[in-house]
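*Asks:* Same order as they appear, the protein sequences are chains A and B.
If you read the first sequence in this note's numbering, its first letter stands for residue 1, the second for the next number, and so on.
If you read the second sequence in this note's numbering, its first letter stands for residue 80, the second for the next number, and so on.
Beta carbons are placed, not taken as given, at the ideal position from N, Cα and C, and that holds for glycine.
Starting off with a structure, shown below.
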Amino acid sequence: MNERVPEHLEKLAYLIGMVREDETLQKMLKSGDKEQVMQVLSRANIGEPDLGELNNDIDLLIELTSSIPFWRFGLVVED
Amino acid sequence: MLKDKSTRLPYLKTKRAEVLFAALDDRYLSFAGHLPRPLNSLAHRKSTFEGDASRAPFAGIGGLNPVLVATPWLFWEPFQSLSDDDFLGAAEAGMFFVLASVLQDHIIDGQADPVEGTNLFNQALFNRAIRGFQLIFPPDSGFWPHYDRLTRNHIEGLATEITIQETPEVIDLAMFKTMAYGKVSPIVTTIAALSTALGAERFIEPIEASLKHIAVASQMLDDIGDWKEDIKQGHVTYFLAIVSGVEDGFWDGKISHYNIQSRINETWEDVHQIEGVIDWLDRSVDAVGSIDCPQWLEYVNGYRVRADQHARRFIACHMQQALRPLLKNRG
Numbered sequence: 001m002n003e004r005v006p007e008h009l010e011k012l013a014y015l016i017g018m019v020r021e022d023e024t025l026q027k028m029l030k031s032g033d034k035e036q037v038m039q040v041l042s043r044a045n046i047g048e049p050d051l052g053e054l055n056n057d058i059d060l061l062i063e064l065t066s067s068i069p070f071w072r073f074g075l076v077v078e079d
Numbered sequence: 080m081l082k083d084k085s086t087r088l089p090y091l092k093t094k095r096a097e098v099l100f101a102a103l104d105d106r107y108l109s110f111a112g113h114l115p116r117p118l119n120s121l122a123h124r125k126s127t128f129e130g131d132a133s134r135a136p137f138a139g140i141g142g143l144n145p146v147l148v149a150t151p152w153l154f155w156e157p158f159q160s161l162s163d164d165d166f167l168g169a170a171e172a173g174m175f176f177v178l179a180s181v182l183q184d185h186i187i188d189g190q191a192d193p194v195e196g197t198n199l200f201n202q203a204l205f206n207r208a209i210r211g212f213q214l215i216f217p218p219d220s221g222f223w224p225h226y227d228r229l230t231r232n233h234i235e236g237l238a239t240e241i242t243i244q245e246t247p248e249v250i251d252l253a254m255f256k257t258m259a260y261g262k263v264s265p266i267v268t269t270i271a272a273l274s275t276a277l278g279a280e281r282f283i284e285p286i287e288a289s290l291k292h293i294a295v296a297s298q299m300l301d302d303i304g305d306w307k308e309d310i311k312q313g314h315v316t317y318f319l320a321i322v323s324g325v326e327d328g329f330w331d332g333k334i335s336h337y338n339i340q341s342r343i344n345e346t347w348e349d350v351h352q353i354e355g356v357i358d359w360l361d362r363s364v365d366a367v368g369s370i371d372c373p374q375w376l377e378y379v380n381g382y383r384v385r386a387d388q389h390a391r392r393f394i395a396c397h398m399q400q401a402l403r404p405l406l407k408n409r410g
């Protein structure tokens, strides 16, 4: 996914990439309907028993990427 | 003699590039050192240019986002055949012109502190910039029509910003672009100066297009990243208007943190807008396809990578939201 994200998040990265490219999958997730959400997850071979782990992985990903700066003219570029 | 801070800057690829950049930094410091109080204090304060609340000292022009005053180096290859004097002359006038525009921007959006001193410092920077351009280009130079056009764009952009803050319901994509194009126009002026000095005005159009595209991208990115703060400040942005549904007729001008967050959760507009940012960054790269400018491409790509990471993070947040009820039901 990027240099900050550990290898074990690859499945999540794949899922995110897939959702990003497909508006139908986005709509299914937006619906909040359990069946539709599970259908999306199944595309990345994620089933109900994996939901807890997936949620933890998402937490980790969000934490790892939350400090990425936004950019505006005039500000220092921080790496 | 080279300065350590210059050697660390990734866009300075050659010894000559480093020496010229250090010389430009010295010119700024010399100018700042000759200003009367309290302007000399403002000139040495980081917050003057960055609009934040810190009292940190200004670490030199190398500490600024390079798109502001280092465009001659980001586009080093096209302009490196200029003599040292011609290169530095254009870079210096452009630097003062752009820094003046940064302060003008802060004055317009209410970030300037103190506003009186910032106003006067802006005037000093602007005067120095104009004097610099006049020293390089005679009155009949091809530079001046570009200068006139770009200063018009700049004023139009800032005027649009004022209009949007006064009458937010009128904001649309055209106004947003006018604002972004206006803000980048002083930077394009530096490119116009370098191109005219080189006798290569063919560089202006593609580089101007590239800068305008990245200006739209950066403004969008800024608005997406700052939306909570913008609400606190009562600052209306295109992003807030879009999320509130201005294009769908839902806009009622009542913006609250709760309403915006709810709409983002519902529409995934943060994802759509960040994809828009990436599209503008790609256009920025495409615009300079005929020009050898590796530092510029590296610079734009750096932000593309970041925008991509933001896009993935936003999707992750939405996925977490979709999972929440499923996890709850499992107990």
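Looking at the structure shown, is B/R362 part of a helix, part of a strand, or coil, going by DSSP?
*Replies:* In the second sequence, the residue the question calls residue 362 of chain B occupies position 283. Helix.
*Asks:* Work out the CA separation of B/W152 and B/L91 for me, nearest whole Å.
*Replies:* Within the second sequence, numbered from 1, the residue matching residue 91 of chain B stands at position 12. Within the second sequence, numbered from 1, the residue matching residue 152 of chain B stands at position 73. Rounded to the nearest angstrom, the two C-alpha atoms are 7 Å apart.
*Asks:* Is it buried or exposed, A/E63, if we count other Cβ atoms within 10 angstroms and call 16 or more buried?
*Replies:* Along the first sequence, read from residue 1 onward, the residue named residue 63 of chain A stands at position 63. A/E63 should be labelled exposed.
*Asks:* Are the CB atoms of B/I339 and B/S323 nearer to each other than 8 Å?
*Replies:* Against the second sequence, residue 339 of chain B aligns to sequence position 260. Against the second sequence, residue 323 of chain B aligns to sequence position 244. Yes, they are a contact pair.
*Asks:* Expressed to the nearest angstrom, what Euclidean distance is found between the alpha-carbon atoms of B/D188 and B/F216?
*Replies:* Here residue 188 of chain B refers to the residue found at position 109 of the second sequence. Here residue 216 of chain B refers to the residue found at position 137 of the second sequence. Their Cα atoms are separated by approximately 33 Å.
*Asks:* Where does B/E280 land, buried or exposed, given buried means 16+ other C-beta within 10 angstroms?
*Replies:* Sequence index remark: in the second sequence, residue 280 of chain B carries index 201 (1-based). In the assembly as shown, B/E280 is an exposed residue. Its beta-carbon has fewer than 16 other beta-carbons within 10 Å.
*Asks:* Beta-carbon separation of B/A170 and B/L204 under 8 Å?
*Replies:* As a first step, residue 170 of chain B must be located in the second sequence, where it is residue number 91. As a first step, residue 204 of chain B must be located in the second sequence, where it is residue number 125. No, these two residues do not count as a Cβ contact at 8 Å.
*Asks:* So for B/P218, helix, strand or coil by DSSP?
*Replies:* Looking up residue 218 of chain B in the second sequence gives position 139. DSSP places B/P218 in coil when its eight states are reduced to three.
*Asks:* Taking only beta-carbon atoms, is A/G47 less than 8 Å away from chain B?
*Replies:* Here residue 47 of chain A refers to the residue found at position 47 when the first sequence is read from its first residue. Interface residue (Cβ-Cβ distance to chain B less than 8 Å): A/G47 is not classified as such.
*Asks:* Can you round the beta-carbon distance between B/R134 and B/R124 to whole angstroms, since I take them to be within the 8 Å contact cut?
*Replies:* Your numbering for residue 134 of chain B matches position 55 in the second sequence. Your numbering for residue 124 of chain B matches position 45 in the second sequence. The pair is a contact, with the Cβ atoms about 7 Å apart (cut-off 8 Å).
*Asks:* Shortest alpha-carbon distance to B/T150 belongs to which of B/F128, B/P265, B/L229, B/I250?
*Replies:* Along the second sequence, read from residue 1 onward, the residue named residue 150 of chain B stands at position 71. Among B/F128, B/P265, B/L229, B/I250, the Cα nearest to that of B/T150 belongs to B/P265.
*Asks:* Name the two residues that bound the continuous alpha helix (DSSP H) containing B/F154.
*Replies:* Residue 154 of chain B sits at position 75 when you count from the first residue of the second sequence. That residue, B/F154, is in no alpha helix (DSSP H); it is neither H nor E in DSSP.
*Asks:* Measure the alpha-carbon distance for A/K30 versus B/I357 and round it to whole angstroms.
*Replies:* Position 30 of the first sequence holds residue 30 of chain A. Position 278 of the second sequence holds residue 357 of chain B. If I take the Cα positions, the gap works out to 23 Å.
*Asks:* For B/K311, which of B/Q388, B/I293, B/K333, B/L405 has the nearest alpha-carbon?
*Replies:* By one-based count along the second sequence, residue 311 of chain B stands at place 232. B/K311 has its Cα closest to that of B/K333, out of B/Q388, B/I293, B/K333, B/L405.
*Asks:* Looking at A/L25: is its Cβ nearer than 8 Å to the Cβ of A/V19?
*Replies:* Locating residue 25 of chain A in the first sequence gives position 25, counting from the first residue. Locating residue 19 of chain A in the first sequence gives position 19, counting from the first residue. Contact flag set, yes.
*Asks:* Just to confirm the assignment: which complete beta strand (DSSP E) runs, minimum length 3, are found wholly within the segment 260-342 of chain B?
*Replies:* none
*Asks:* Can you give me the start and stop residues for the alpha helix (DSSP H) that B/H185 sits inside?
*Replies:* What you label residue 185 of chain B is simply residue 106 of the second sequence in a count that begins at 1. Element bounds for B/H185: 163-187.
*Asks:* Could you name the residues of chain A that B/I394 contacts, counting a contact when the two beta carbons are closer than 7 Å?
*Replies:* Indexing the second sequence from 1 puts residue 394 of chain B at position 315. Residues of chain A passing the Cβ test: I16, V19, R20.
*Asks:* What's the C-alpha gap between B/E287 and B/S126?
*Replies:* Your numbering for residue 287 of chain B matches position 208 in the second sequence. Your numbering for residue 126 of chain B matches position 47 in the second sequence. When rounded, the distance between both Cα atoms is 28 Å.
*Asks:* Per DSSP, B/P136 is paired with what?
*Replies:* Residue 136 of chain B sits at position 57 when you count from the first residue of the second sequence. Per DSSP, the beta-bridge partners of B/P136 are B/R124.
*Asks:* Starting from the beta carbon of B/L421, find every residue of chain A whose beta carbon is closer than 7 Å, and list them in chain order.
*Replies:* Residue 421 of chain B lies beyond the stretch modelled for chain B, which goes from 80 to 410, so this question has no answer here.
*Asks:* Is the beta carbon of B/G368 within less than 7 Å of some heavy atom of the ligand SAM?
*Replies:* The ligand SAM is absent from the structure shown, which contains no ligand whatsoever.
*Asks:* For A/L25, go through chain B and note every residue whose CB falls closer than 8 Å to its CB, in chain order.
*Replies:* To locate residue 25 of chain A, count along the first sequence from 1; it is residue 25. Result: empty, since nearest Cβ-Cβ is about 10 Å, beyond 8 Å.
*Asks:* B/S109: buried (16+ other C-beta within 10 angstroms of its C-beta) or exposed?
*Replies:* Residue numbering aside, residue 109 of chain B sits at position 30 when the second sequence is read from its first letter. Label assigned to B/S109: exposed.
*Asks:* Apart from the five residues on each side of it in sequence, which residues of its chain come closer than 6 Å, Cβ to Cβ, to A/M1?
*Replies:* Counting from 1 along the first sequence, the entry for residue 1 of chain A is found at position 1. Residue placement at A/M1 is poorly supported in this model, since its pLDDT is 46, which falls under 50; the coordinates still yield a value, given next. Only A13 meet the Cβ criterion.
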